Amino acid sequence: MSVSTPSSSTPSSAAPAPRHHGEGAARRTRLSPERESELYTAVLDLVREVGYESLTLDAVAARSRCSKATLYRRWQGKPRLVSAALRHTKPFSLADLDTGSLRGDVHELARRIGDTKKDIDLMRGITHAVHKDPELAEAMRTALIEPELEVMRAMLDRAVARGEVDPGCPAIPFFPHALSGAVFARPMIDQCPADAAYLTRYLDAVVLPALLRS
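Position 68, counted from 1, in the sequence shown is what this note's numbering calls 68; the numbers after and before it change by one each time, with no gaps.
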């Protein structure tokens with residue numbers, strides 16, 4: 001008597017296991033370095049335009065053509081996203097600023113800062129938020145403030161070594177405060193930006209006399 005057996009598939013012809021939806025989604029949401037850089041640029045452009053408080057992930061998603069779900073999965077919200085964008089930002093370079101004299105260095109510093117309206121707008125757009133968000137404050141300091149402070153310290157150290165500035169000059173620690181004060185105060189007082197010409201006049205009249213030996 002013959003016994004019929006059901007047809008069975010051999011292991012070699014077995015159908016592949018179905019791909020889990022989550023695995024495919026994770027692969028699809030991984031951003032290339034180029035796309036990530038584009039996203040960070042879009043984030044900071046929006047901060048300049050509307051400020052940190054008015055920035056929304058919906059606006060970031062629309063500007064960067066990246067899904068809102070991807071933004072939340074990767075950065076968990078606005079503070080981490082903006083912090084990451086700030087850390088990714090390459091501050092404008094002042095590393096080669098060395099004209100051979102303090103006056104020349106200060107004038108060149110004024111020219112470069114006066115030409116970087118985008119960085120000034122970015123700092124103004126985040127100023128209020130940093131008082132409430134320590135992570136955002138640290139990212140801003142790392143990306144935008146500390147590089148400039150290092151250049152200013154080196155510039156003043158060279159001036160002291162050349163004998164232009166007394167090493168005990170009490171104005172030395174206040175140079176960054178005086179410069180940043182002019183940058184942010186002029187738009188409020190005069191309703192116009194602190195451009196290179198204005199900063200040069202200000203530094204010649206107020207800051208250099210306090211630093212240079214008479």
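The beta-carbon is built from N, C-alpha and C at its ideal position, and this holds for glycine as well. As the structure is a computational prediction, the values presented were derived from the model and not from experiment.
Compare the Cα-Cα distances from residue i to each of the options and report the closest residue.
i: Arg87; options: His128, Ala161, Val50 and Ala137; result: Ala137
i: Ala194; options: Ala154, Arg112, Ala171 and Arg213; result: Arg112
i: Glu53; options: Met155, Gly77, Arg63 and Ile189; result: Gly77
i: Glu164; options: Met140, Pro33, Ile145 and Val106; result: Val106
i: Ala171; options: Leu156, Arg162, Arg74 and Ala182; result: Leu156
i: Val206; options: Cys192, Gly181, Val47 and His131; result: Gly181
i: Ala143; options: Arg162, Asp190, Ile120 and Ala62; result: Ile120
i: Leu149; options: Thr127, Pro173 and Gly114; result: Pro173
i: Asp96; options: Asp190, Ala154, Arg213 and Cys192; result: Ala154
i: Pro187; options: Arg141, Gly114 and Ala139; result: Gly114
i: Ser214; options: Cys192, Thr116, Asp166 and Ala129; result: Asp166
i: Arg162; options: Ala139, Phe184 and Asp98; result: Asp98
By DSSP, does residue i sit in helix, in strand, or in coil?
i: Leu144; result: helix
i: Pro209; result: helix
i: Thr116; result: coil
i: Lys78; result: helix
i: Arg65; result: coil
i: Ser32; result: coil
i: Asp96; result: coil
i: Ser214; result: coil
In chain order, what residues of the same chain have a beta carbon less than 8 Å from the beta carbon of residue i, not counting five sequence neighbours either side?
i: Val50; result: Ala59 and Gly125
i: Met152; result: Leu109, Phe175, Pro176 and Leu179
i: Cys66; result: Leu31, Arg35, Leu39 and Val60
i: Leu231; result: The structure shown has nothing for residue 231, since the chain only spans 1 to 214.
i: Ser37; result: His88
i: Leu46; result: Leu55, Ala59, Val60 and Arg63
i: Leu94; result: Leu109, Arg112, Pro147, Glu148 and Val151
Within the 8 Å Cβ cut-off, does residue i reach chain D?
i: Phe184; result: No chain D appears in this structure, which consists of one protein chain only.
So, at 7 Å on beta carbons, what are the nonlocal neighbours of residue i in its own chain, with the 5 sequence-adjacent residues on each side left out?
i: Ala220; result: Nothing can be reported for residue 220: it is not among the residues displayed for the chain, which extend from 1 to 214.
i: Leu44; result: Ala85, Thr89 and Leu122
i: Trp75; result: Leu81 and Ala84
Tell me whether the beta-carbon of residue i lies closer than 8 Å to the beta-carbon of residue j.
i: Ala159; j: Leu208; result: no
i: Cys169; j: Leu211; result: yes
i: Arg48; j: Lys132; result: no
i: Ser83; j: Glu146; result: no
Sequence ranges, beta strand (DSSP E) only - wholly within the stretch 137-204, length at least 3 | none
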